[in-house]
Every structure is written in structure tokens, then in C-alpha cells.
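Trainee:
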Amino acid sequence: EPLARDQNSNELVVIPPSFAGSIPEEIGNLQSFLKKLVFVHGSTGPIPNEIGNLLKLESLGLVENSLSGSIPVGIFNMSTLRTLYLGENHLSGVLPSNMCHGLHNLEVIDLGGNNFSGAIPVSISNFLYLSGNNLTSESSSPELGLFTSFTGCISLRIISVASNPLNGILPRSMGNLSISVERLIVGNCGLRGNIPDRIGNLSNLVLLILSDNSLTGSISNTIWGLQKLWDLRLANMSLTGPLSRGLCGLQSLENLYLSQNQISGSIPGCFNNLTSLRYLEIAFNRLTSTLPMSLWDLKGLEWVNLSSNLLRGPLAPEMGELKNLTRLDLSNNQFSGKIPNTIWSLKRLYLAENNFTGAIAVSIPNCSKLTFISHGYNKFSGGIPLSLGKLRHLEFLELIDNNLTNLSVRKSVERGSPNFNWNPSSSVEKFYAENCGIKGNIPWSIGSLSGLLYLQNNSMSGSLFGDLCGLQSLNIYTRLSQNQISGSIPECFGNLTSLRSFYIAFNRLTSTLPRTLRNRKDLLGINLSLNFLSGSLPVDTIGSLQYLMLLSLANNSLQGAIPSTVGNMLSLETFNVSHNNVSVLIPKSMKALRHLKYFNVSFNDLRGEIPTGGPSENFTHESFLFNKDLCGLLRPIYICSCTLGILKFNKSRKVKVPLPLLILSGIVARVGKMAWLFSFLRCQEKHEVPSERELVLVRTHGRIPYCDFMQATNGYHESNLIGMGSFGTVYKGKLDNGMLVAVKVFNLQI
């Protein structure tokens with residue numbers, strides 16, 4: 027009703043929160059005066075049929091709402107309508123073939139970003155926006171008759187049919203389109219074949235987008251004759267051949283996107299003719315040779331991406347004169363030499379995976395706007411520049427796999443890199459310096475960093491300072507593995523509210539898991555393997571980590587029992603406490619861990635029955651090796667039978683054995699006889715001759731449990747070793763009944 031009474035204006039613009047919900051049917055009562063109707067966001071449901079009553083309406087804007095259903099037929103009869111914007115909704119259905127016959131004055135129609143299906147109506151003329159639907163071409167020929175049908179549209183200026191499955195070949199007839207066409211947008215349409223030469227007839231084109239199709243062959247030379255082009259996008263296809271010098275004739279070109287093709291050869295030396303160029307992307311191709319000096323004459327360049335090619339040579343000092351350059355990506359090439367001293371306006375610098383040498387440019391800190399530095403996988407040496415700390419906007423610093431051995435991180439940080447002590451914003455969120463040979467203690471001032479920390483596989487020593495707990499934004503991963511870090515894990519780690527996982531394996535940590543970790547209920551991963559941790563697993567901590575997916579504490583000196591509260595870690599996928607001194611029972615509560623994929627408690631002092639059911643059904647004997655008193659059924663073998671939790675072999679029960687022991691049954695007698703005969707000849711002067719009874723293996727042997735062989739050979743100890751061959755290893759042993767046996771363990775990797 028308020029809409030029906032409001033006749034003070036011929037325009038109605040409805041903006042939330044003044045309105046939200048379905049467009050009211052009463053909108054049709056405004057037919058006598060309304061010329062412009064716009065609903066901005068907030069609208070849901072179908073478009074009411076009554077909109078067709080607005081006979082004086084010239085502009086209808088319903089873009090970026092949540093409208094659904096089909097377009098009312100009445101809209102297609104609004105002869106006064108000049109612009110129709112229905113894009114970015116959830117509209118569906120088939121567009122009528124004569125949809126434009128009643129829209130005599132229509133200049134712009136935008137139906138993009140909906141769910142329309144069926145054929146594209148050939149009656150559409152003037153402006154055409156149909157991107158992001160599921161429309162197809164009516165043509166039964168591989169060539170798209172759609173474009174042929176547009177040749178009669180003498181006023182056609184924009185063709186946008188991107189993200190529709192046209193699945194055809196661009197016809198030669200598209201060169202007959204009206205010379206008035208200024209924008210041709212046909213990206214992501216399943217196009218194949220070559221780019222037709224006659225596309226060069228569209229002399230008024232300013233925008234050409236054919237990206238994300240399956241077009242092949244070389245770039246048509248006629249494209250280089252489109253003098254008015256300011257945006258050319260031919261990326262993510264299979265175009266081949268070199269870049270023609272004709273490209274340099276596009277003096278109006280501002281944006282050139284040719285990435286992810288198979289373009290080869292060199293970058294033309296005439297690039298300095300592209301005086302309007304701002305964005306240049308030719309990444310992921312096969313470009314070779316060096317960068318032409320003319321490239322650095324383009325003073326308007328803002329964005330350059332030439333990554334993942336075969337470009338080589340040094341970088342010219344003249345590149346520092348590009349005052350407007352904000353992003354430079356030359357990663358994954360074969361560039362060498364040193365980094366130029368002046369690249370003033372850069373915000374993001376990617377030089378990783380090249381052959382750069384020398385020290386990291388000391389002048390980089392003069393690029394005060396830098397937020398991202400990627401220098402990994404090069405041959406840089408020396409130290410981290412002391413003045414990096416002046417980069418107050420730096421968020422990402424990646425130096426992986428360089429040779430930064432001449433200056434310890436401690437000295438670098440304390441002198442200003444990557445300390446940022448005087449920078450209250452503490453902007454650095456991600457610091458990667460893996461495998462750099464960095465030595466020295468972990469600096470206390472590294473606690474001023476605000477986020478992710480990767481320093482694994484270096485030679486860092488000292489203890490984990492409580493200052494690390496200043497990393498309140500520390501998230502995703504903290505990786506300090508493969509260093510020489512000692513001491514205990516600070517209790518304050520439990521106060522790092524953003525911490526999701528930390529890997530500090532292969533160090534010299536002592537003490538045990540801090541109980542404060544129970545406060546971090548959203549931890550996803552803990553890896554403290556290969557340290558010197560002792561004590562027991564804290565019951566309350568283990569039970570509280572309900573979202574933990576990985577817990578690896580292998581190769582430490584942990585004692586005590588596995589807490590029954592481990593059954594509360596319902597997200598756990600990996601559990602490894604092997605090579606410790608863990609004892610008592612495996613808790614039955616582990617049956618609740620439905621997502622557990624890897625489980626290893628080998629080389630401990632566990633006893634009792636292995637819990638049946640749950641994830642244990644998928645584990646092999648390797649998960650339980652070298653525990654003295656474990657027993658129970660473990661498919662496909664019995665470890666040992668259990669009676670009231672006490673290890674006791676039931677001789678009347680036939681027990682399955684692993685594959686090596688099944689093979690053993692046919693050959694063990696021969697191996698045993700030869701081995702013991704050899705032993706007899708060597709030791710006859712020192713030892714009594716074994717009796718014939720002792721050398722005979724049971725000819726009608728029963729199935730023998732795996733644990734009996736383990737005990738007989740002292741856990742396959744090398745003191746029981748008889749010999750080694752190309753197929754396996756033979757051990758001597760003595761069963762409980764006094765029987766001497768030779769056990770061959772086959773190498774299953776052969």
C-alpha cells in the first residue's frame with residue numbers, strides 16, 4: 027500500500043533494510059507514472075507478473091538479489107523498456123525465442139549469473155549480457171550459428187555469453203558482425219579449434235575475452251590489427267607459436283593476459299611501443315631468452331607476471347625505474363645474478379625458484395610498501411638483511427632452501443630483521459625459512475611476529491622462549507622440526523588462542539606435554555617425535571583435545587599408561603607413541619575412534635589384550651611389534667591368545683601366522699639343517715654336539731603363534747642371526763618345548 031500511494035516521483039529505488047522479502051504484487055499499481063524501478067539486494071521469491079503492468083517503465087534493475095523462478099511473460103511486452111538488469115539471481119527456465127520482439131526500445135539486457143537453460147534466442151539485439159548461465163547454441167553444426175544470427179544486429183555493441191556451454195567452433199562468419207561491436211566476451215564456453223582470422227574485421231573492438239576455452243593454434247595475426255584494443259585476454263588455453271612483433275602495434279593496450287598456454291620464443295624487443303600497458307601476464311608458457319630492455323621502458327606498468335617460463339639472465343638495474351610497479355612475479359624461471367637495488371613501489375615480489383645469488387638485496391627495505399616477499403629456492407647467501415625490520419607492512423616472508431649461514435637468526439632479529447620490535451603493528455603473519463642452514467639460538471624477539479612460523483630443518487639451538495607466546499595470532503602451523511632446540515615446552519603455549527598445530531619433532535626437548543594444552547581444544551595437530559620427552563601423558567590434556575587429528579610422540583621416553591580419555595579424541599586420524607616406555611593396557615575406549623587410520627604403539631611395554639572392534643580391525647601386527655605381553659586376535663594373525671588378560675598360549679588352538687611363516691613351513695627344515703650343520707662344524711671343539719632330536723623341526727607342525735617366534739628369537743635380535751641372503755634373513759631360536767628352529771623372514775619388497 028505505501029508503494030501504491032507514493033506518486034511524488036517517477037523513480038523508485040528500494041534499498042535494505044527499508045525493504046526485504048518478496049516484491050509486492052501492488053508494484054503494478056504504479057503504472058501511470060513509474061519510469062525507473064530498482065530493488066537493491068534483499069529481494070527474494072519470484073518476480074511478480076504485475077510488473078508487466080508498468081507500461082511507462084524505461085529501466086528495471088533487479089541485479090544481485092535472490093529472485094527465483096522464471097521471468098514473467100509481461101516483461102517481454104514492455105515496449106518502453108530501454109534497460110533490463112536481471113543478472114546475479116537464481117532465475118531459471120527457458121528464454122522464449124521471440125523474447126525481444128516486444129522490446130522495441132531495448133538497449134541493454136543483462137541476464138548473466140542465473141540458471142537459464144536451452145538455446146540462446148537469436149532475436150536478442152543491441153546489448154547482450156548472458157554470462158554465467160547454462161545456455162547453448164541452437165546450431166547443429168560444429169560452427170556456432172549463434173554468432174551468424176547476430177550479423178543482422180546493426181546496433182550490436184556488446185556480446186557477453188561467457189560461462190555458457192556453447193561447445194563449438196568460432197565461425198568465420200563472426201567477422202561479419204556489426205562493425206559497432208566493441209566488446210566480445212566468450213570466455214569459458216567450451217570453444218575449440220582456431221581463432222578465426224576474420225575476427226580482425228571487428229575494428230572497433232576494445233575488449234576481447236576468449237580465455238578458459240580449448241582453442242589451439244597460434245594467435246591470429248589479424249588480432250594485432252585491432253588498434254583500439256585496450257583489454258586482450260587469451261589465457262588458459264592451448265595456444266602455441268611465438269609472440270608476433272605485430273603485438274607491439276597495440277598502442278592502446280592496457281591489459282594483456284596470455285598465461286597458461288604453450289607460447290614459445292622470446293618476448294619481442296619492441297615492447298616499449300606498448301606505452302599504455304599496465305597489466306602484463308604471460309605466465310606458465312615456454313618463453314625463453316632474456317628479458318628485453320624495452321620492457322623496463324614501460325613506465326605505466328603496475329603488474330608483471332612472467333612466472334613459470336624458461337626465461338634466463340640477470341635482471342637489469344633499469345627495472346628499478348618502474349615507479350608504478352606494485353607486483354612483480356618472475357618465479358620458477360632460470361634468472362641469475364643479483365637483485366637490483368631499487369624497486370621502489372613494489373607491494374608483492376616473487377623471485378622464488380630461480381638461480382639468484384649473493385646477498386638478499388639490502389635495498390629491499392626501501393620498498394616500504396612491500397607486503398609479500400618470496401625468495402625461496404635460490405642460491406642466496408649471507409644473512410637476512412638487518413633492515414628488513416623497517417618493512418612495517420610486510421605480511422609474508424619466504425626464504426626457504428637458501429644458504430643463509432653467515433648470520434644467525436638471533437643476530438638478524440636483534441638487529442632488526444625480522445624483528446619488527448619498533449613496529450607496533452607486528453604485521454608479519456607468515457615467516458618461512460626452512461632448510462636455510464640458519465644457526466644460533468631462537469631469538470626472544472621473534473615473539474613479535476604475529477603469525478605462522480616455519481623454521482624447520484635448520485641448525486637452530488637453545489630453548490623455546492616464553493616470548494614465543496607473544497605470537498597471539500600464531501595459526502595453522504608452527505614448524506620448528508629438525509633443529510637442535512632444547513629445554514621444555516613453555517606452559518604459555520596453552521594460551522595461544524589461534525594456535526592450530528605445532529611440529530617441533532627431531533629436536534632435544536625435555537620434560538613432558540604441558541597441561542595447559544588442554545585449553546587449546548581446537549588444536550588439529552601435535553608432532554613432538556624424536557625428542558627426549560619424559561613423564562606420562564596427561565589425562566586431562568589428552569581428553570580435552572577433541573578436534574585433534576594428529577598426535578605423534580614417537581621416539582621419546584614417555585612412561586605410564588595411555589589414558590582412557592584418548593577415546594574422547596573423536597577426530598583423531600594418526601596416533602603414534604611407538605619407541606617409548608608406555609606400559610599397562612591399550613584402553614578399550616580407543617574403539618570409539620572411528621576416523622583413526624594410523625596407529626602405532628610398537629616398541630613399548632604394553633601388556634594385555636588388544637581391543638577388538640573399531641579401527642583396530644584395520645591394523646596389522648606392525649602396529650604392536652616388540653611389546654612383551656600383548657595378546658589377542660589381530661587380523662590376519664593372532665598375536666597370542668588371551669586368558670583373563672594374562673598371556674598364555676593355548677596349545678589346543680590352531681593359530682594363524684603371518685605370510686612369512688606360511689612360506690617357512692616348506693623350506694625351514696632345509697635351512698635349519700644347513701645352518702646348524704654349519705654351526706656344528708665351526709664349534710665342534712667348543713660345544714657339545716646337538717642331539718638329533720634338537721635338530722629336527724616338527725614335521726607335522728601345528729600353526730605357531732607369532733609371539734612364540736618373537737620370544738624364541740629374542741625379538742629377531744642380531745645375536746640370533748644366522749645369515750642373510752637376497753631374499754631374507756635367517757634367525758635361530760628355541761621354542762618353549764625346547765625345540766630348536768630356524769626362522770626365515772622374507773624381504774617382501776623384492
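If you count by our numbering, then the sequence shown holds residues 27 to 776, one letter each, in order.
Note that the Cβ used here is the ideal one computed from N, Cα and C, for glycine as well.
1) Can the beta-carbon of serine 246 be found less than 8 Å from the beta-carbon of leucine 279?
2) Distance check for asparagine 644 and threonine 638, CA to CA, integer angstroms please.
3) Whole angstroms is fine: what's the gap from proline 72's alpha carbon to tyrosine 376's?
4) Compare the beta carbon distance of arginine 534 and asparagine 557 with 8 Å and say whether it is the shorter of the two.
5) Are the C-beta atoms of phenylalanine 519 and some chain C residue less than 8 Å apart?
6) Measure from the alpha carbon of serine 590 to the alpha carbon of each residue in Arg546, Asn607, Ser570 and Lys614, then state which is nearest.
7) Do the CB positions of phenylalanine 532 and serine 512 come within less than 8 Å of each other?
8) I need the boundaries of the alpha helix (DSSP H) containing valine 756, first residue and last residue.
9) Give me the DSSP bridge partner(s) of histidine 116.
10) Output the boundary residues of the alpha helix (DSSP H) element that contains threonine 567.
11) Where do the ends of the beta strand (DSSP E) carrying alanine 145 lie?
12) Would you kindly work out how many angstroms separate the C-alpha atoms of aspartate 427 and valine 330, rounded to a whole number?
13) With respect to the beta strand (DSSP E) encompassing aspartate 323, which residues constitute its N-terminal and C-terminal limits?
14) Let me know if asparagine 200 comes out buried or exposed under the rule of 16 or more other beta-carbons within 10 Å of its beta-carbon.
15) Note down the Cα distance separating glutamate 328 from glutamate 37, rounded to an integer number of angstroms.
16) To the nearest angstrom, report how far apart valine 39 and aspartate 136 are at their CA atoms.
17) For threonine 567, count neighbouring Cβ atoms within 10 angstroms of its own Cβ and tell me buried if that reaches 16, exposed if not.
18) Expressed to the nearest angstrom, what Euclidean distance is found between the alpha-carbon atoms of alanine 768 and leucine 619?
19) Can you give the Cα-Cα distance for isoleucine 689 and alanine 738, rounded to whole angstroms?
20) Assuming lysine 770 is part of the beta strand (DSSP E), what are its boundary residues?
21) I'd like to check one pair, arginine 259 with serine 237: are the Cβ atoms closer than 8 Å?
22) Taking buried to mean at least 16 other C-beta atoms within 10 Å of its own C-beta, is glutamate 379 buried or exposed?
23) For asparagine 335, which of Leu324, Leu341, Leu313 and Gly326 has the nearest alpha-carbon?
24) Comparing alpha-carbon positions, which option in Asp655, Ile249 and Asn299 lies nearest proline 222?
25) In terms of alpha-carbon separation, which member of Leu217, Ser189 and Asn606 lies closest to serine 143?
26) Taking 8 Å as the cut-off, decide whether the C-beta atoms of asparagine 626 and serine 649 are in contact.
27) With DSSP run on the structure shown, which of helix, strand or coil describes aspartate 136?
28) Terminal residues of the continuous beta strand (DSSP E) containing glutamine 360?
29) Under 8 Å Cβ to Cβ from lysine 395, same chain only, skipping five residues before and after it: list those, please.
30) Could you spell out the range, first to last residue, of the beta strand (DSSP E) harbouring lysine 62?
31) Just grab the DSSP bridge partners of lysine 405 for me.
32) Give the DSSP-derived three-state secondary structure of cysteine 518 in the structure shown.
33) Leaving aside the five residues before and after cysteine 787 along the sequence, list all residues of the same chain whose C-beta is less than 6 Å from its C-beta, in chain order.
34) What whole-angstrom Cβ distance do asparagine 358 and serine 333 have, given they're in contact under 8 Å?
35) Starting from valine 39, follow the beta strand (DSSP E) in both directions and report where the run begins and ends.
Mentor: In short, the structure shows the following:
1) As a position in the sequence shown, residue 246 is number 220, starting the count at 1. As a position in the sequence shown, residue 279 is number 253, starting the count at 1. Going by C-beta atoms, serine 246 is not nearer than 8 Å to leucine 279.
2) For this step, residue 638 is matched to residue 612 along the sequence shown. For this step, residue 644 is matched to residue 618 along the sequence shown. The straight-line gap from Cα to Cα measures roughly 10 Å.
3) Position 46 of the sequence shown holds residue 72. Position 350 of the sequence shown holds residue 376. Going from the Cα of proline 72 to the Cα of tyrosine 376 covers about 49 Å.
4) Locating residue 534 in the sequence shown gives position 508, where the first residue counts as 1. Locating residue 557 in the sequence shown gives position 531, where the first residue counts as 1. It is a contact, given that the beta carbons lie within the stated cut-off.
5) Checking the listed chains, one finds no chain C in this structure; it contains a single protein chain.
6) One-based indexing of the sequence shown puts residue 590 at position 564. Restricting attention to Arg546, Asn607, Ser570 and Lys614, the CA atom closest to the CA of serine 590 is found in Lys614.
7) Position 506 of the sequence shown, counted from the first residue, corresponds to residue 532. Position 486 of the sequence shown, counted from the first residue, corresponds to residue 512. No, Cβ-Cβ distance for phenylalanine 532 and serine 512 is not below 8 Å.
8) Along the sequence shown, read from residue 1 onward, the residue named residue 756 stands at position 730. Note, valine 756: premise wrong, no alpha helix (DSSP H); beta strand (DSSP E) at 754-760.
9) Residue 116 sits at position 90 when you count from the first residue of the sequence shown. Note: histidine 116 sits in a beta bridge opposite Ser94.
10) Translated into the one-based positions of the sequence shown, residue 567 becomes position 541. Note, threonine 567: alpha helix (DSSP H), 565-570.
11) Counting from 1 along the sequence shown, the entry for residue 145 is found at position 119. Residues 141-145.
12) Working through the sequence shown from its first residue, we reach residue 427 at position 401. Working through the sequence shown from its first residue, we reach residue 330 at position 304. Distance between the alpha carbons of aspartate 427 and valine 330: 25 Å.
13) Counting from 1 along the sequence shown, the entry for residue 323 is found at position 297. First-last for aspartate 323: undefined, no H or E at that position.
14) Counted from its first residue, the sequence shown places residue 200 at position 174. According to the sequence as given, residue 200 is methionine; it is not asparagine. Flag for methionine 200 reads buried.
15) The residue you call residue 328 lines up with position 302 of the sequence shown. The residue you call residue 37 lines up with position 11 of the sequence shown. Using only the alpha carbons, I get a separation of about 41 Å.
16) Mapped onto the sequence shown, residue 39 falls at position 13. Mapped onto the sequence shown, residue 136 falls at position 110. For valine 39 and aspartate 136, the distance between alpha carbons rounds to 18 Å.
17) Mapped onto the sequence shown, residue 567 falls at position 541. Threonine 567 should be labelled buried.
18) For the purposes of this step, residue 768 is identified with residue 742 of the sequence shown, where counting begins at 1. For the purposes of this step, residue 619 is identified with residue 593 of the sequence shown, where counting begins at 1. Spanning the two alpha carbons is a distance of roughly 40 Å.
19) Along the sequence shown, one-based indexing puts residue 689 at 663. Along the sequence shown, one-based indexing puts residue 738 at 712. Since pLDDT at isoleucine 689 reaches only 40, below the 50 mark, its modelled position is unreliable, and no value is offered.
20) As a position in the sequence shown, residue 770 is number 744, starting the count at 1. Run containing lysine 770: 766-772, per the beta strand (DSSP E) assignment.
21) Within the sequence shown, numbered from 1, the residue matching residue 237 stands at position 211. Within the sequence shown, numbered from 1, the residue matching residue 259 stands at position 233. Yes, the pair counts as a contact, with Cβ atoms nearer than the cut-off.
22) The count along the sequence shown starts at 1 and reaches residue 379 at position 353. It counts as buried.
23) Mapped onto the sequence shown, residue 335 falls at position 309. Answer by Cα proximity: Leu313.
24) For this step, residue 222 is matched to residue 196 along the sequence shown. For proline 222, the nearest C-alpha among the options comes from Ile249.
25) Working through the sequence shown from its first residue, we reach residue 143 at position 117. Looking at the Cα atoms, Ser189 is the closest of the given residues.
26) Your numbering for residue 626 matches position 600 in the sequence shown. Your numbering for residue 649 matches position 623 in the sequence shown. For asparagine 626 and serine 649, yes; Cβs fall inside 8 Å.
27) Against the sequence shown, residue 136 aligns to sequence position 110. It is a strand residue.
28) On the sequence shown, position 334 is the one that residue 360 refers to. Run containing glutamine 360: 360-363, per the beta strand (DSSP E) assignment.
29) Here residue 395 corresponds to residue number 369 of the sequence shown, with the count starting at 1. Here the set comprises Thr352, Ser371, Leu372, Lys373 and His419.
30) As a first step, residue 62 is located in the sequence shown; it is residue number 36 there, counting from the start. Start and end: 62-65.
31) Indexing the sequence shown from 1 puts residue 405 at position 379. Partner(s): Thr383.
32) Position 492 of the sequence shown, counted from the start, is the residue given in the question as residue 518. Residue state, collapsed to three classes: helix.
33) Since the first and last residues shown for the chain are 27 and 776, residue 787 lies out of range.
34) Taking the first residue of the sequence shown as position 1, residue 358 is located at position 332. Taking the first residue of the sequence shown as position 1, residue 333 is located at position 307. Confirmed, about 5 Å.
35) Numbered from 1 along the sequence shown, position 13 holds the residue referred to as residue 39. Its beta strand (DSSP E) spans residues 37-40.
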